[in-house]
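Just so you know, we're using my numbering here: the sequence shown kicks off at -7 and counts up by one. Don't be surprised by glycine CBs; every beta carbon is placed ideally from N, CA and C.
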Amino acid sequence: MQVTFDFSTAVWTIMGILAYVGVYQWSQPTLPTTPTAHPMGMTKGERVALALTAAVAVITFGSYISHGIKKVEIDKPVPTVSTTISPTAHPSPH
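Below you can see the structure in the form of structure tokens.
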């Protein structure tokens, strides 16, 4: 698979980073209404995972929108060398 870097790739990468920051900020836990209550919402790790997923999705789908899928390369099988032994051939006793 070939990866090319051009202007649209840079734009979609920047959009992905902005999506990461936006989703991370949007998913902040809410402050508790009473002093003894715990904050409600996602943990820091869950927020990072959600934001990273959003960033990757923006970059991936944006690249497909910009460039499309040009072709799918399928690896060709590599020929293997096989050896056969004739049923009439007998190994030498020496």
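Pick from the options that is closest to residue i, judged by C-alpha positions
i, options, result
"residue 34", "57, 27, 17", "17"
"residue 37", "1, 4, 30, 20", "20"
"residue 8", "55, 25, 30, 71", "55"
Local conformation of residue i per DSSP, three classes
i, result
"residue 32", "strand"
"residue 26", "coil"
"residue 15", "helix"
"residue 66", "coil"
"residue 52", "helix"
"residue 37", "helix"
"residue 5", "helix"
"residue 72", "coil"
Distance, residue j Cα to residue i Cα
i, j, result
"residue 28", "residue 46", "33 angstroms"
"residue 11", "residue 44", "9 angstroms"
"residue 24", "residue 53", "37 angstroms"
"residue 32", "residue 15", "17 angstroms"
Contact belief for residue i with residue j at Cβ below 8 angstroms, rounded distance in angstroms
i, j, result
"residue 57", "residue 5", "The pair is not a contact, with the Cβ atoms about 14 angstroms apart (cut-off 8 angstroms)."
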